[in-house]
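Notes follow once the structure below has been shown.
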Amino acid sequence: MKELLIVETRDAADHADPARMADLAAGVARAGVPATIFLTDNGAFNCRRDSLERAMAAGVQVHVDRFALGERGIGEATVPEAVALAGIELVVDRLADGACVMWR
Amino acid sequence: MKPGKTLTFVLMDAPFESARTATALRVIDASIRRGFNVNVFAYEGAVLLPFRHQQPHPNAVHGRDVGEEDHPLPREWIAGLIAMAAGQGVDFHWINCGLCVDERGASDAIDGVERGTPADLWKMASASDNTLVVPTA
């Protein structure tokens, strides 16, 4: 696998799986494969989750969809510095570059 | 297929039920704007996304008529994608799974929507640079 992108749409307060996906991304990153999590839809609520901090410590890049933040009234200034703001084009560009993209 | 990269998307959710459908359509929109050829295979409830008879409605609770409510319709978004792809000069194919269409009586789709089988998904995915499955929640 050249690269992994996980598109996380679920709020970790409602589902246990986003934490498991973050652990998966961390494991992939530790194995030497670039891994990214893109938070969109209700996944935008997950910016401050411990599971993401652990993933980022393992080398996972985390991006959050500006559009999803705006829809939910989440101020960009409240997003942790380590989480990058991005547009939906990130998903398109990774697909075009041949990444393995998982929509969760 | 026209020159350039081709992306295939697989959609499953029925209209008006999940935010992920609108987000997936945003990804498709961005793909066309990037100049990529796009295939969409819609199955299960997603075959109703381009259903021709979707209608906007007023909102009596908020005292808005049809025009003021401006209710968004997936069939109009898809028509917009088809028109934008034509304007961009990229290929765009939206194929509805025929089995799923028949189950739901959803055969009356907007112009530009094709009918196919899961074999078409396999062919499109095989010929694409990448494929993204957007499963139901």
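As you go down the protein sequences, you meet chains Y and H in turn. Residue numbering for the first sequence follows the working numbering, beginning at 190 and increasing consecutively. Residue numbering for the second sequence follows the working numbering, beginning at 322 and increasing consecutively. Even for Gly, the Cβ is constructed at its ideal location relative to N, Cα and C. Keep in mind that this is a model prediction, so the values were computed, not measured.
Just how far apart, CA to CA, sit residue i and residue j?
i: G419/H; j: A351/H; result: 27 Å
i: G408/H; j: G356/H; result: 11 Å
i: T452/H; j: G384/H; result: 44 Å
i: H435/H; j: D230/Y; result: A small fix is needed here, since residue 435/H is Glu in this sequence, not His. Cα to Cα, the separation comes out at about 29 Å.
i: M333/H; j: P207/Y; result: 21 Å
i: H378/H; j: F337/H; result: 13 Å
i: Q375/H; j: R396/H; result: 7 Å
i: A201/Y; j: R209/Y; result: 10 Å
i: T438/H; j: N417/H; result: 8 Å
i: R341/H; j: T327/H; result: 22 Å
i: V280/Y; j: G325/H; result: 18 Å
i: A237/Y; j: P269/Y; result: Going by the sequence as given, residue 237/Y is Arg instead of Ala. Going from the Cα of R237/Y to the Cα of P269/Y covers about 7 Å.
i: W443/H; j: R243/Y; result: 37 Å
i: L284/Y; j: V249/Y; result: 18 Å
i: G290/H; j: R347/H; result: Nothing about residue 290/H can be reported from this structure: the residues present for chain H run from 322 to 458 only.
i: L370/H; j: R354/H; result: 21 Å
i: A404/H; j: A427/H; result: 22 Å
i: F256/Y; j: L241/Y; result: 20 Å
i: M186/Y; j: L258/Y; result: An answer regarding residue 186/Y cannot be provided, because it is not within the stretch 190 to 293 covered by chain Y.
i: A430/H; j: F234/Y; result: 36 Å
i: S339/H; j: D423/H; result: 23 Å
i: T457/H; j: N380/H; result: 28 Å
i: R293/Y; j: D286/Y; result: 20 Å
i: I399/H; j: D432/H; result: 10 Å
i: M190/Y; j: V387/H; result: 49 Å
i: M245/Y; j: A220/Y; result: 14 Å
i: D239/Y; j: G216/Y; result: 16 Å
i: A363/H; j: A406/H; result: 18 Å
i: C421/H; j: A440/H; result: 14 Å
Is it the case that the Cβ atoms of residue i and residue j are separated by a distance below 8 Å?
i: A275/Y; j: A247/Y; result: no
i: V455/H; j: F330/H; result: yes
i: L228/Y; j: D254/Y; result: yes
i: E197/Y; j: C289/Y; result: no
i: I349/H; j: V361/H; result: yes
i: V251/Y; j: V222/Y; result: no
i: R199/Y; j: G232/Y; result: yes
i: A214/Y; j: A224/Y; result: yes
i: I226/Y; j: I195/Y; result: yes
i: A345/H; j: G366/H; result: no
Interface residues of chain H around residue i at Cβ under 8 Å?
i: T198/Y; result: A340, R341, T344, A458
i: V290/Y; result: N451, L453
i: V280/Y; result: V348, A351, L453
For a contact defined as C-beta to C-beta under 7 Å, what are the partners of residue i on chain H?
i: L284/Y; result: L328, N451, L453
i: E192/Y; result: By Cβ distance, chain H contributes nothing, its closest Cβ being about 11 Å from E192/Y, past 7 Å.
Below 7 Å on C-beta distance, what does residue i contact in chain Y?
i: F357/H; result: A285
I need the DSSP call for residue i, collapsed to helix, strand or coil.
i: F413/H; result: strand
i: V272/Y; result: coil
i: F337/H; result: coil
i: D254/Y; result: strand
i: G437/H; result: strand
i: M210/Y; result: helix
i: T457/H; result: coil
i: A201/Y; result: coil
i: R243/Y; result: helix
Under 9 Å between beta-carbons, which chain H residues line up against residue i? List them in chain order, please.
i: I277/Y; result: T344, R347, V348, D350, A351
Self-check item: Inter-stretch contact at 8 Å, needing at least 3 Cβ pairs: the stretch 262-279 of chain Y / the stretch 396-413 of chain H
Solution: no
Across the stretch 388-408 of chain H and the stretch 440-447 of chain H, are there enough close Cβ pairs to call them in contact, namely three or more that are closer than 8 Å? The stretch 388-408 of chain H vs the stretch 440-447 of chain H: no contact.
Please list, in chain order, the residues of the stretch 213-232 of chain Y that have any C-beta partner in chain C closer than 9 Å. Structure shown: chain C not included; protein chains present are Y and H.
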